[in-house]
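Colleague:
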Amino acid sequence: MSNLYAVILLSGLLILRADPVSTQPLQRKQIYSLDDTLRGSLNKERSWWNVQHYAITVQPDFNTRTLTGQNTIRFISTQARASAVMQIDLQAPMKIDSVFFEGRRVPFEKRGKDSWLVSLNDRSVTKKKAEQSLTIYFSGAPRIAKNPPWDGGWIFTKDKEG
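The opening position of the sequence shown corresponds to residue 4 in the working numbering, with each subsequent residue numbered one higher.
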């Protein structure tokens, strides 16, 4: 009987003394790029404004297979601020040509592959809940669809209907 107690005691001590087993995750941890973060995150350049309306026009050029267009965004500032930077996403190879805030040209710069930062250094941005507008002019050569409509992209060819 004393041998049984000794075995149980020894087993218990060995279990308590055992080092924890380290395991490997079933999947590797995903490493996100700057572009992943810009497209998928609510950040300071996105969280201060709320879109009310988009008015988008696009003009295709069938000879050069390019597009030009504009997007007027009506938005409300959700936070009072002295100046603001607004993140606008526009998928490459399209690019922003110019930006106008309340009728005045404003500076912008590209960040990452598909994101643009627009600087709205204007006293009127400080007004919380005031509706304002921004017009973005853009252009570029969009991706041509290889297997429409299944793979996305533009079609610049004509059929028998025109």
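C-beta atoms are modelled at their ideal positions from N, C-alpha and C, and glycine is treated no differently.
Label residue 102 either buried or exposed according to how many other C-beta atoms from any shown protein chain fall within 10 Å of its C-beta, with 16 as the threshold for buried.
Modeller: Stepping through the sequence shown from its first residue, residue 102 is reached at position 99. By the 10 Å Cβ count, residue 102 comes out buried.
Colleague: Count the other C-beta atoms from every protein chain shown that fall within 10 angstroms of the C-beta of residue 121, then say buried if there are 16 or more, exposed otherwise.
Modeller: As a first step, residue 121 must be located in the sequence shown, where it is residue number 118. Buried, because 16 or more other Cβ atoms sit within 10 Å of the Cβ of residue 121.
Colleague: Quick check: the Cα distance between residue 113 and residue 119, rounded to an integer number of angstroms?
Modeller: As a first step, residue 113 must be located in the sequence shown, where it is residue number 110. As a first step, residue 119 must be located in the sequence shown, where it is residue number 116. Cα to Cα, residue 113 sits roughly 4 Å from residue 119.
Colleague: Hey, residue 147 and residue 74: beta-carbon distance below 8 Å or not?
Modeller: Start at 1 with the first residue of the sequence shown, and residue 147 comes out as number 144. Start at 1 with the first residue of the sequence shown, and residue 74 comes out as number 71. Against a cut-off of 8 Å, the Cβ pair of residue 74 and residue 147 comes out as no contact.
Colleague: Pick from 63, 53, 55: whose alpha carbon is nearest that of residue 158?
Modeller: If you number the sequence shown from 1, residue 158 lands on position 155. Nearest C-alpha to residue 158: 63.
Colleague: Need the endpoints of the beta strand (DSSP E) that residue 98 sits in, please.
Modeller: Position 95 of the sequence shown, counted from the first residue, corresponds to residue 98. Here the beta strand (DSSP E) through residue 98 covers 98-104.
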